[in-house]
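S.K.: Chains as they are written, first to last, in this note's numbering: chain A, 4 to 181; chain B, 4 to 181.
Think of the CB as a built atom: it goes at the ideal place given N, C-alpha and C, for glycine as much as any other residue.
Note that the structure is a prediction, hence the values are computed from the model and not measured.
There are 2 protein chains.
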Amino acid sequence: MGYNMDWITQVAERLRATGGRMTTQRRLILETLAQCTDHPTAEEIYQRARQRAPDLNLSTVYRTLRWLEDLGVVGTQRFEGERPQERFDPAVSAQPEHHHFRCRLCNTIIEFPAPLLEVLKQDFITHYGGTIESASLIFYGLCESCLQKVETYGPLSFNPNAITGPHERPSHSTGRAS
Amino acid sequence: MGYNMDWITQVAERLRATGGRMTTQRRLILETLAQCTDHPTAEEIYQRARQRAPDLNLSTVYRTLRWLEDLGVVGTQRFEGERPQERFDPAVSAQPEHHHFRCRLCNTIIEFPAPLLEVLKQDFITHYGGTIESASLIFYGLCESCLQKVETYGPLSFNPNAITGPHERPSHSTGRAS
DNA sequence: TTATATGCAAACCATTTGCAGATCT
DNA sequence: AGATCTGCAAATGGTTTGCATATAA
Chain A
4 MGYNMDWITQ
14 VAERLRATGG
24 RMTTQRRLIL
34 ETLAQCTDHP
44 TAEEIYQRAR
54 QRAPDLNLST
64 VYRTLRWLED
74 LGVVGTQRFE
84 GERPQERFDP
94 AVSAQPEHHH
104 FRCRLCNTII
114 EFPAPLLEVL
124 KQDFITHYGG
134 TIESASLIFY
144 GLCESCLQKV
154 ETYGPLSFNP
164 NAITGPHERP
174 SHSTGRAS
Chain B
4 MGYNMDWITQ
14 VAERLRATGG
24 RMTTQRRLIL
34 ETLAQCTDHP
44 TAEEIYQRAR
54 QRAPDLNLST
64 VYRTLRWLED
74 LGVVGTQRFE
84 GERPQERFDP
94 AVSAQPEHHH
104 FRCRLCNTII
114 EFPAPLLEVL
124 KQDFITHYGG
134 TIESASLIFY
144 GLCESCLQKV
154 ETYGPLSFNP
164 NAITGPHERP
174 SHSTGRAS
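1) Going along the chain, which residues of its own chain have a beta-carbon closer than 7 Å to the beta-carbon of residue 135/A, five neighbours each way excluded?
2) How would you label residue 84/A, buried or exposed, when you count the other beta carbons within 10 angstroms and need 16 or more for buried?
3) Should residue 107/A and residue 82/A be called a contact, given that it needs their Cβ atoms to be closer than 7 Å?
4) Leaving aside the five residues before and after residue 138/B along the sequence, list all residues of the same chain whose C-beta is less than 7 Å from its C-beta, in chain order.
5) If you draw a straight line from the alpha carbon of residue 15/A to that of residue 69/A, how long is it in whole angstroms?
6) Going by C-alpha to C-alpha distance, which of 118/A, 99/A and 130/A sits closest to residue 114/B?
7) Give every residue of the same chain whose Cβ lies closer than 6 Å to the Cβ of residue 71/A, excluding the five residues on either side of it in the sequence, and list them in chain order.
8) Leaving out five residues on either side along the sequence, give the residues of the same chain with a beta carbon under 6 Å from the beta carbon of residue 112/A.
9) Could you name the residues of the same chain whose beta carbon sits closer than 8 Å to that of residue 169/A, not counting the 5 residues immediately before and after it, in chain order?
10) Considering only C-alpha positions, which residue in the set 151/A, 132/A, 146/A and 29/A is nearest to residue 146/B?
11) Look at residue 93/B and residue 39/B and say whether their C-beta atoms are less than 7 Å apart.
12) DSSP has residue 32/A in a bridge; who is on the other side?
13) With a threshold of 7 Å between beta carbons, is residue 52/B in contact with chain A?
14) Which term fits residue 20/B, buried or exposed, when burial requires 16 or more other beta carbons within 10 angstroms of its beta carbon?
15) Whose Cβ in chain B lies nearer than 8 Å to the Cβ of residue 182/A?
16) Name the chain B residues whose beta carbon is nearer than 8 Å to that of residue 87/A?
17) Start and end of the alpha helix (DSSP H) containing residue 182/B?
18) Short of 8 Å in beta carbon distance, which residues of its chain neighbour residue 45/A, apart from the five on each side in sequence? Order them along the chain.
19) So which of 149/A, 55/A, 142/A and 74/A has the shortest CA-CA distance to residue 205/A?
20) Would you report the Cα separation of residue 13/A and residue 141/B, rounded to the nearest angstrom?
21) Name the one or two DSSP bridge partners that residue 63/A has.
22) Can residue 121/A be considered in contact with the ligand ZN, in the sense that its beta carbon sits closer than 6 Å to one or more heavy atoms?
23) So, does the CB of residue 139/B fall closer than 7 Å to a CB anywhere in chain A?
24) Roughly how many angstroms separate the alpha carbons of residue 30/A and residue 52/A, rounded to a whole number?
25) Taking the alpha-carbon positions, what's the residue 96/A to residue 154/A distance?
26) So is residue 157/B buried or exposed if we call it buried at 16+ other beta carbons inside 10 Å?
27) Taking residue 101/A as the query, report the chain B residues whose CB atoms sit under 8 Å from its CB, ordered along the chain.
28) Taking CB distances under 7 Å as the criterion, tell me whether residue 114/A reaches chain B.
29) Distance, Cα to Cα, residue 150/A vs residue 144/A?
30) Taking Cβ-Cβ distances below 9 Å as the criterion, which residues of the region 25–56 of chain A are in contact with chain B?
31) What do you reckon, are the CB atoms on residue 74/B and residue 24/B nearer than 7 Å?
32) How many Å lie between residue 57/A and residue 79/A at the Cα?
33) Kindly list, in the order they appear in chain B, the residues whose Cβ is closer than 8 Å to that of residue 122/A.
34) With H, G and I counted as helix, E and B as strand and the rest as coil, what does DSSP make of residue 181/B?
35) Tell me the DSSP bridge mates of residue 128/B?
36) Counting only runs of 4+ residues fully inside the region 127–156 of chain B, write out the alpha helix (DSSP H) ranges in chain order.
Right under this line is the structure:
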């Protein structure tokens, strides 16, 4: 390996500086995060990391992620239209203020900068006073590629990465159905 | 009563138009929602409504809220820094595109319009293509009133409406603490 | 009369936590 | 050695669901 080694080293330093210890599991989770190009759930991180250390435990993953969150190394967000679990974003450390677009069909997430948001914040403060410390902006829609497909093939159900299961609320049945 | 009767009647019509029935419980929940000036959780709606009908059940509240959500009558959002439960927003029907500011201290939520967001959407599409169907924008910070208090009395812990309990993650202990 | 809704209790799932044993320094 | 972690299992809390009964149309 050697990918992003600087990043891991930096995190390890911050860790030690706050009285923490670098363990095998933490290094593994960090390496797993460093390889992410997406926004995985805790479970996904767990599955990926576990391939290299089968006795890794999910609660260790959670604890490590919370610790990284406190350190400002990962961000978290929840997206609509899927199970209400958290997704973790290893990109915050590199680009503190970025926002998210999520494709309704293929679930791809695009990160984008939004410098214009500052104007919106200022607008808000002008009207309502107070201060703004952070902002979350999420766009939902169709990514370019899915848009093309829909335009070509029509709006059929095309959802390769759909996460299925409870909490999806397909039709919240209210009792005996017809 | 008589407050917002139009609104309830309108919802009832939409309901019947889709093969649903207007029941005592649904009317009660609608009336409770009509009186909301905040963004209550399902549990809060349940507690308020239950004062008039003690045998109302929480699952009925959930089912009714989901149905209203599908009808576009209530919106839902989750805010950071509190238990990860949904909050319901009866104001969507009146102002389809509004956004939220949440005060970190008193938890007040301010709804605001953001017409400038259209520019941001256009910006995004210019860079990445695709389409945007909806957007969620949340500002976190201090409302004017809390800002004043902090400026006057200093940044002590002032949190009258704080929701306390698990899921708050005060310090995610990783084992025996010092 | 009969499809639809309710209450209840149980299930579900994401996340957290207590504790005994393992590990870093 | 001694504080800090990990794995495990159990608890927690929000939300959903199956089913028998009640109710609106």
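M.R.: Per the coordinate set shown:
1) 124, 127 and 128
2) exposed
3) no
4) 120 and 124
5) 15 Å
6) 130/A
7) 77
8) 42, 103 and 105
9) For residue 169/A, the predicted model reports a pLDDT of 49, less than 50, meaning its position is unreliable; a value from the coordinates is still stated below. Once the five neighbours on either side are set aside, the close Cβ partners of residue 169/A are 86.
10) 132/A
11) yes
12) Partner(s): none; residue 32/A has no beta bridge.
13) no
14) exposed
15) Lying before the first or after the last residue shown, residue 182/A is absent from chain A, which here runs from 4 to 181.
16) 81, 87 and 89
17) This structure leaves residue 182/B out entirely; chain B is present only between 4 and 181.
18) 61, 64, 65, 68, 88, 89 and 91
19) Because chain A is modelled from 4 through 181, residue 205/A falls outside the range shown and cannot be assessed.
20) 31 Å
21) Answer is none; residue 63/A lacks a bridge partner.
22) In terms of ligand content, the structure shown is empty, and the ligand ZN therefore cannot be addressed.
23) yes
24) 10 Å
25) 37 Å
26) exposed
27) Those within 8 Å of residue 101/A in chain B number zero; the least Cβ separation is about 12 Å.
28) no
29) 9 Å
30) none
31) no
32) 25 Å
33) 119
34) Confidence in residue 181/B is poor, its pLDDT being 38 and thus under 50, which makes the residue's placement unreliable; the coordinate value appears in the next sentence. Correct three-state label for residue 181/B: coil.
35) Residue 128/B pairs with nothing; no bridge assigned.
36) 147–156
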